[in-house]
Amino acid sequence: MTDDPNLHDAACHCGTVRFRVRLADGFNTIRRCDCSFCRMRGAVVVSARLGDLEFLSGQENLTLYQFNTGTAKHWFCKTCGIYTHHQRRSDPSQYGVNVACINGVSPFDFPEVIVNDGVHHPADGPSGIAGVLRYSPA
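Heads up, the sequence shown is in UniProt numbering, so the first residue is 1 and it goes up one at a time.
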């Protein structure tokens, strides 16, 4: 590892898929989406440029899921089923990376997470932010 605060090691739950990612703007891009798929998946993501994700092992164990327009590409570990990352529909030059896969990071570390309006996707016309999700410890 380097001293680069935006460079992180990450893995799926079972550890078969391991990767290193440089975040485009640290955790400043943290967000959720309210489209039909993301609502069910429930992941909190951050952005990385396509060239800034490097697989260390297990890339062959990923499976791809696409729906609707097929533009976004969502990858999951075939063994544990964990969503690791996706190529974004709104910006195909970037990945959305599952925050929970990043070593030492939890989605609950962030008290507020923006929820993007994926129901009214920018590629489909006007869009905006659906709201802000606030985590409150019990």
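The beta carbon of each residue, even a glycine, is placed where N, CA and C say it ideally should be.
Rounded to the nearest angstrom, what separates residue i and residue j at their Cα positions?
i    : j    : result
N103 : D9   : 6 angstroms
S57  : I82  : 15 angstroms
F19  : R41  : 21 angstroms
C12  : V21  : 13 angstroms
V119 : A43  : 16 angstroms
F37  : F110 : 22 angstroms
A138 : N6   : Summary for A138: the model assigns pLDDT 49, below 50, so the residue's position carries little reliability; its value from the coordinates is reported in the next sentence. The straight-line gap from Cα to Cα measures roughly 30 angstroms.
R39  : C33  : 7 angstroms
Q66  : I114 : 24 angstroms
L53  : Q59  : 11 angstroms
C35  : D117 : 7 angstroms
L50  : L64  : 16 angstroms
Do residue i and residue j have their C-beta atoms closer together than 8 angstroms?
i           : j   : result
C101        : C14 : no
residue 139 : K73 : Not covered by the structure: residue 139. The range shown for the chain is 1 to 138.
W75         : T84 : yes
By Cβ distance, which residues of its chain are closer than 7 angstroms to residue i, with the 5 residues on each side in sequence left out?
i   : result
N61 : T16, V17, C77, K78 and T79
V46 : L23, F27, T29, I30, V97 and V99
A48 : V21, R22, L23, A24, Q94, Y95 and V97
Among residues of its own chain, excluding the 5 on either side of residue i, which ones have a beta-carbon nearer than 8 angstroms to its beta-carbon?
i  : result
D4 : R22
Can you give me the Cβ contacts of residue i inside the same chain, cut-off strictly under 6 angstroms, excluding the 5 residues immediately before and after it?
i   : result
T71 : R89
F55 : F19
Would you check if the segment 90-101 and the segment 14-30 touch, i.e. whether three or more CB-CB distances between them fall below 8 angstroms? yes
Below 8 angstroms, how does it come out for the segment 104-115 and the segment 11-26: are there three or more Cβ pairs, yes or no? no
Contained beta strand (DSSP E) runs [length at least 3] in the UniProt domain "CENP-V/GFA" (8-124), N- to C-terminal order: Along the UniProt domain "CENP-V/GFA" (8-124), the beta strand (DSSP E) occurs as fully enclosed runs of 3 or more residues at 18-22, 24-27, 31-33, 45-49, 53-57, 62-65, 73-77, 83-87, 94-98 and 112-116, listed in sequence order.
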